[in-house]
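Encoded as structure tokens, the structure appears first; notes follow it.
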Amino acid sequence: MLQYVNVNIDGATVRAPRGTSVLDAAIEYGICIPHLCHVPFLSDIGACRLCIVEHVVNGYSKVTTSCTLNVEEGMVIRTNTDKIRRLRRNLAELLVAQAPNSRAIQDIALRCGVKEVRYPFRNEDCVLCGRCVRVCTEIWQARAIGFVGRGKDRHVDFPFGIRPDFCKQCGNCVQICPMTIPPCDGPMKPGKEYLCRKCESQLIDETPGSCSWCKLGEGFGCGRYVGV
Amino acid sequence: MPRLNSHRELEHLRERLREQRQNITTTVMVCGGTGCRTSNSQAVIDAVRDELSSQGLDDSVRLCVTGCHGFCEQGPVIIIEPGNIFYCHVSPEDAFEIVYQTVMKGEVIERLLYEDTVSGERFKTEAEIPFYKAQDRRILSQNRLVDPCAIEDYIVAGGYSALPRVLNGIAPEEIINEIKSAGLRGRGGGGFPTGRKWGDCMEAPSDEKYVICNADEGDPGAYMDRCVLEGNPHLVLEGMMVGARAVGARKGYIYVRNEYPLAVKNSRIAVEQARELGLLGDNILGSSFSFDVDIARGGGAFVCGESTALMASIEGKVGEPRAKDVHTVVDGLYHKPTTLNNVETWANVPAIILNGSSWFASKGTKASKGTKILALTGRIKNTGLVEVAMGTSIREVVFDIGGGGANGNSIKAVQTGGPSGGCLPLDKFDLAIDFDVLAEAGSMIGSGGMVVMDEETCMLDVAKYFLTFLQDESCGKCVPCRLGIDRMLEIITDITEGRGRMEQLDLLEELADTVSQTALCGLGKTAPNPVLSTLRYFRPEYEAHIKEKKCPAGVCKALITYWIDPDKCTGCGVCISGCVHEAITGEKKEVHVIDAQLCQKCGICRSECKFDAIQVV
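Going down the list, the sequences are from chains F and A. Each residue of the first sequence is one higher than the last, beginning at 1193 in this note's numbering. Each residue of the second sequence is one higher than the last, beginning at 33 in this note's numbering.
Okay, here's the thing in structure tokens:
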């Protein structure tokens, strides 16, 4: 039988079954916590760090990712404080500077309040969220792709760089990739390195306290869309 | 040797071994640690052994190949007891003289004695040497008593006395209370109270628990764990046995880097010897306690020193950290409660059980008890391993033990705690070595690395070095660590190459704060420390790089030029022949000139010039 616990998220008491993550519980109740690497039905690795929240214990607040934090009775969570918004914005800025042509990343960055990017843009196609690796490993049990290398050299690849026979060519890795959304036509022409702000999220100035069912969420597989 | 089935049999063995050694009059202790081995101590050991047997002294003189004595710079090192005579820089050719004069006649060979770098005085005994005199060697002093490959030595020296005590009599709760009241804190970096960790692990419900010894030391310039594990592995094993008894574990691992071959070898031998005597295995010393230890070799990834990454590595997975919202004392190795402690922490345990918590707590400060081993390196006269009581000031370590700056240079800063630690300037040298004091000052004790820097060290270069190290060693899993370190390095590189802007300093600070708050594991959370501490204490140096485009220490190649002082140059031509880029021209006996276009700023000419004529601006 499911055991339920009560969690306080941003002042609201939320009831969730034991074993769910804080992120899932919050999304279920319409409290939006931006996230990128989290996908419902896949394990959480806490790679993108966008879903950070403040976990208040005995008067001390600890910054941690809500996707890896499981709900417990009496837990107090703050998802939308100044500190969290500032840290989240800085993280989104790092991401968007890495992959400025990705529409999903641009959208997330704008929603997290990034107005300017203070780092030189790079043109990477992958932000190593690990969605593809986890869908291949956990849903299809194929293990045809994985992370290779460490640190700066980390990338997603086939074993030894050759597509193995056990790759079922299901294409799930491509579908779930946040980079597969048609890219913005605006930004990143040489000399025009800025955020175009033509995304769906352009109307939202700050991170909303409650989920607005944004079109964007549909685009990169927000739990709110896939989950319901 | 037969298996020991009770406490009494262990004591009998100890007495028998002591009796066997009664007719030994002299002990020659040659250091066989990695440091001395690189200065050819193996040849010295062989030569002394041959000499002893050719003189027929095999029975009365014991040759003991020990672990590290700490003063690695002076290696190979020999200590002769009785007399505590300390010889350094010994070569194989000295073996005859040592055996004939010192061992047989008791005479001292003046030329092999240690000559103090500061006063020029020669000291006869180890105890007199300033480097040792100012220390408080609780753990390291045991190294010279035992041959790490001989369990007999450890037993004769009083080892494995804490084990019977925890097996008969002291209950696990009492062991943990003893550790708690001793105030032992983790020596690996975090300084987490060991007793609390053990208590949480003991209370965690599970049929299976593990203890792990973390010997995956990877800080640049630090090697205290290697020294303890390869010099006295039984001490670490005994500590682990006590810990296992306390938390209720039946299985332990020593996770040691494969790059420490001697530590791997010695700990393997130690485990086998302990198994043979029945000190590991089922029903240890006839009790109901069963415990065994395996050696797990690490591939040398720095991040595998992080507890969850280390456990993933033992499990055979990729050594990547995972979120620690549930602590490893509840959900650790194979998802079982696991107690992980550093080598030095384990090595402290047997003495606490034997001598009591108040003995341990008699040294140290209010919040940090006992002693700490530090690896003293950098631009300093005496380098090596140093063990001091907690609460000793940095000044005492650097100047009294370390002897001050090498080549008479004045000291500018000290970097403590390895890549995760920070740089402290000279005016902070009165701070005590204490977990909380150093953390408050923006640095940390960490595992105990202590790199001393003088006026010729550029603090930006230091920050850049550590960021490069961390960028290579980051696992790359989470965004703040992978991209954050990369961007911090990008900014610092910009500044050191003359492209810096003042607003980048604010960005650097903000980014460092973000990384330290949001990174997944300890590596990422502490990665910005080198940047934050240098920014905090050496901001003028950053500003000089940006505003004046100058490197005050003369290190950052893009911002310096070499020139020859015409008043000092004698036209000797040494620099011309030394310059591999053929950038220096000039006739004999006339002032030479450096062609700035051709000069690669390698610094060869500067080190070759005897007249100090080559200057850096």
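Cβ coordinates follow ideal geometry from the N, Cα and C atoms, glycine included. None of the values given here were measured: they were computed from a predicted structure.
Cut-off 7 Å between Cβ atoms - residues of its own chain near residue i, not counting five sequence neighbours on either side
{"i": "A/Ala645", "result": "Ile596, Asp597, Lys600 and Cys601"}
{"i": "A/Ser389", "result": "Glu210, Ser213 and Ala214"}
{"i": "A/Leu172", "result": "Gly102, Ile405, Leu417 and Glu419"}
{"i": "F/Asp1349", "result": "Ile1337 and Val1340"}
{"i": "F/Gly1203", "result": "none"}
{"i": "A/Cys181", "result": "Asn298 and Ile301"}
{"i": "A/Ala628", "result": "Thr593"}
Which residues DSSP lists as bridging residue i, in chain order
{"i": "A/Ser339", "result": "A/Ser339 pairs with nothing; no bridge assigned."}
{"i": "A/Gly650", "result": "Here chain A comprises residues numbered 33 to 649, so residue 650 of chain A is not present and cannot be evaluated."}
{"i": "A/Cys455", "result": "A/Gln447"}
{"i": "F/His1247", "result": "F/Lys1254 and F/Ile1269"}
{"i": "A/Ile301", "result": "Note: A/Ile301 sits in no beta bridge, so no partner."}
{"i": "A/Leu119", "result": "Reading off the sequence shown, one finds Tyr at residue 119 of chain A, where the question assumed Leu. DSSP lists A/Ile110 and A/Leu145 as partners of A/Tyr119."}
{"i": "F/Tyr1196", "result": "F/Pro1209"}
{"i": "A/Glu419", "result": "A/Ile405"}
{"i": "A/Val469", "result": "DSSP lists no partner for A/Val469."}
{"i": "A/Gln632", "result": "Partner(s): none; A/Gln632 has no beta bridge."}
{"i": "A/Pro293", "result": "DSSP output for A/Pro293 lists no bridge partner at all."}
{"i": "F/Gly1338", "result": "F/Asp1349"}
{"i": "F/Ala1204", "result": "F/Ile1201"}
{"i": "A/Lys283", "result": "A/Tyr242 and A/Asp324"}
{"i": "A/Asp20", "result": "For residue 20 of chain A there is no data in the structure shown, the boundaries of chain A being 33 and 649."}
{"i": "A/Tyr594", "result": "A/Val648"}
{"i": "A/Val97", "result": "A/Val62"}
{"i": "A/Asn55", "result": "According to DSSP, A/Asn55 bridges with nothing at all."}
{"i": "A/Thr371", "result": "A/Val243"}
Closest Cα partner of residue i within the set the options
{"i": "F/Ile1373", "options": "F/Leu1286, F/Arg1280, F/Asn1200 and F/Asp1299", "result": "F/Asp1299"}
{"i": "A/Met136", "options": "A/Gly201, A/Val93 and A/Ile443", "result": "A/Val93"}
{"i": "A/Met485", "options": "A/Asn246, A/Thr409 and A/Gly275", "result": "A/Thr409"}
{"i": "F/Trp1259", "options": "F/Arg1278, F/Asn1250 and F/Gly1238", "result": "Sequence check: residue 1259 of chain F is Cys here, not Trp. The shortest C-alpha separation from F/Cys1259 is found at F/Gly1238."}
{"i": "A/His624", "options": "A/Leu630, A/Ile608, A/Cys634 and A/Arg638", "result": "A/Ile608"}
{"i": "A/Pro293", "options": "A/Ser425, A/Glu262, A/Cys604 and A/Gln174", "result": "A/Glu262"}
{"i": "F/Pro1292", "options": "F/Ala1334, F/Tyr1311 and F/Val1249", "result": "F/Tyr1311"}
{"i": "A/Leu312", "options": "A/Val288, A/His266 and A/Arg354", "result": "A/His266"}
{"i": "A/Val97", "options": "A/Gly440, A/Met61 and A/Asp493", "result": "A/Met61"}
{"i": "F/Cys1318", "options": "F/Arg1270, F/Ser1213 and F/Arg1295", "result": "F/Arg1295"}
{"i": "F/Val1306", "options": "F/Glu1316, F/Phe1313 and F/Asn1282", "result": "F/Asn1282"}
{"i": "A/Cys583", "options": "A/Leu89, A/Thr489 and A/Asp326", "result": "A/Thr489"}
{"i": "F/Val1214", "options": "F/Val1263, F/Met1371 and F/Gln1290", "result": "F/Val1263"}
{"i": "A/Pro114", "options": "A/Cys104, A/Leu177 and A/Val80", "result": "A/Leu177"}
Cβ neighbours of residue i in the same chain (closer than 6 Å, five flanking residues each side left out)
{"i": "A/Cys513", "result": "Ser506, Ala551 and Gly556"}
{"i": "A/Glu291", "result": "Gly332"}
{"i": "A/Arg46", "result": "Ile187"}
{"i": "A/Lys642", "result": "none"}
{"i": "A/Gln447", "result": "Cys455 and Val483"}
{"i": "A/Gly221", "result": "Gly478 and Ser479"}
{"i": "F/Ser1253", "result": "Glu1246"}
{"i": "F/Ala1301", "result": "Ala1284 and Val1288"}
{"i": "F/Cys1328", "result": "Ala1334, Ala1336, Ile1337 and Cys1365"}
{"i": "A/Arg737", "result": "In the structure displayed, chain A extends from 33 to 649; residue 737 of chain A sits before or after that span and is not available."}
{"i": "F/Gly1419", "result": "For F/Gly1419, the pLDDT reaches just 41, beneath the cut-off of 50, and the residue's location in the model is therefore unreliable, although a value from the coordinates is still provided. Here the set comprises Pro1232."}
Cutoff 8 Å; reference residue i; Cβ partners in own chain excluding five residues on either side
{"i": "A/Leu199", "result": "His39, Arg277, Ile316, Leu317, Ser319 and Phe321"}
{"i": "A/Ala159", "result": "Asn116 and Lys165"}
{"i": "F/Tyr1196", "result": "Arg1207, Ala1208, Pro1209 and Arg1210"}
Open item on the list: Counting beta carbon pairs with one atom in the segment 535-555 of chain A and one in the segment 453-460 of chain A, are three or more of them shorter than 8 Å?
Closed with: no
- [ ] Take every Cβ of the segment 1321-1330 of chain F, pair it with every Cβ of the segment 1222-1239 of chain F, and state whether three or more of those distances are shorter than 8 Å.
- [x] Yes: the two stretches touch, three or more of their Cβ pairs being nearer than 8 Å.
Task: Meets three-Cβ-pair contact criterion under 8 Å: the segment 282-290 of chain A and the segment 147-167 of chain A - done: no
Task: Three CB pairs or more closer than 8 Å across the segment 462-469 of chain A and the segment 390-401 of chain A - done: yes
Open item on the list: For the segment 1327-1349 of chain F, list every residue whose C-beta sits within 8 Å of some C-beta in chain A, in sequence order.
Closed with: Phe1339, Gly1341, Arg1342, Gly1343, Lys1344, Asp1345 and Arg1346
Task: Interfacial residues, the segment 1292-1315 of chain F to chain A, with Cβ spacing under 9 Å - done: Arg1310, Tyr1311 and Pro1312
- [ ] Mind checking the segment 495-516 of chain A against chain F and listing, in chain order, the residues whose C-beta falls within less than 8 Å of any C-beta there?
- [x] The segment 495-516 of chain A vs chain F, Cβ under 8 Å: Gln503, Asp504, Glu505, Ser506, Cys507, Gly508, Lys509, Cys510, Val511, Pro512, Arg514, Leu515 and Gly516.
- [ ] Determine which residues of the segment 1234-1265 of chain F have a Cβ less than 9 Å from any Cβ of chain A, and write them out in chain order.
- [x] When C-beta distances to chain A are compared with 9 Å, the residues of the segment 1234-1265 of chain F below that value are Asp1236, Ile1237, Gly1238, Ala1239, Cys1240, Arg1241, Leu1242, Ile1244, His1247, Val1255, Thr1256, Thr1257, Cys1259, Thr1260, Leu1261 and Asn1262, in chain order.
Task: Contact the segment 434-450 of chain A vs the segment 531-541 of chain A: 3+ CB pairs below 8 Å - done: no
- [ ] Take every Cβ of the segment 232-247 of chain A, pair it with every Cβ of the segment 358-369 of chain A, and state whether three or more of those distances are shorter than 8 Å.
- [x] yes
Task: Under 7 Å (Cβ pairs) to chain F, residues found in the segment 349-382 of chain A - done: Closer than 7 Å at the C-beta level to chain F, one finds these residues of the segment 349-382 of chain A: Ala355 and Asp357.
- [ ] Using a Cβ-Cβ cut-off of less than 7 Å, list which residues of the segment 1275-1293 of chain F approach chain A; keep chain order.
- [x] The residues in question are Leu1279, Asn1282, Leu1283, Leu1286, Leu1287 and Gln1290.
- [ ] Using a Cβ-Cβ cut-off of less than 7 Å, give me the residues of the segment 1201-1227 of chain F that come near chain A, in sequence order.
- [x] Taking 7 Å as the Cβ-Cβ cut-off against chain A, none of the residues of the segment 1201-1227 of chain F qualify.
Open item on the list: Taking beta-carbon pairs under 9 Å, can you tell me which members of the segment 311-342 of chain A lie near chain F?
Closed with: The segment 311-342 of chain A vs chain F, Cβ under 9 Å: Ala333 and Val335.
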